[in-house]
Amino acid sequence: MYVCLCKGVTDKTIRRAVDDGLSSMRELRQQYGVGTQCGCCTQCAKSIVKDAVAER
Ligand code: FES
359 MYVCLCKGVT DKTIRRAVDD GLSSMRELRQ QYGVGTQCGC CTQCAKSIVK
409 DAVAER
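To convert a position in the sequence shown, counted from 1, into our numbering, add 358.
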């Protein structure tokens with residue numbers, strides 16, 4: 359499912375990025391631009407990063 363429509367980033371992409379070492383919303387924003395346009399996705403993206411890091 360798309361988490362960030364503005365940047366076309368899916369939950370799968372976020373989970374894969376966390377598997378590859380990403381560990382915070384800040385990094386996700388810097389590397390994928392998630393939350394840098396309308397900002398609607400920020401809370402959702404943050405919780406996916408948090409869950410994925412916890413499952414790592
Ligand atoms: Fe992510 Fe707009 S949906 S910045």
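The beta carbon of each residue, even a glycine, is placed where N, CA and C say it ideally should be.
Asked, Found
"Lys370 versus Met359 - alpha carbon distance", "8 Å"
"Local conformation of Cys402 per DSSP, three classes", "helix"
"Through-space distance from Lys365 to Tyr390, alpha-carbon basis", "7 Å"
"Residues sharing a beta bridge with Cys362, DSSP", "Val367"
"Residues whose Cβ lies closer than 7 Å to any heavy atom of the ligand FES, in chain order", "Cys362, Leu363, Cys364, Lys365, Val392, Gly393, Thr394, Gln395, Cys396, Gly397, Cys398, Cys399"
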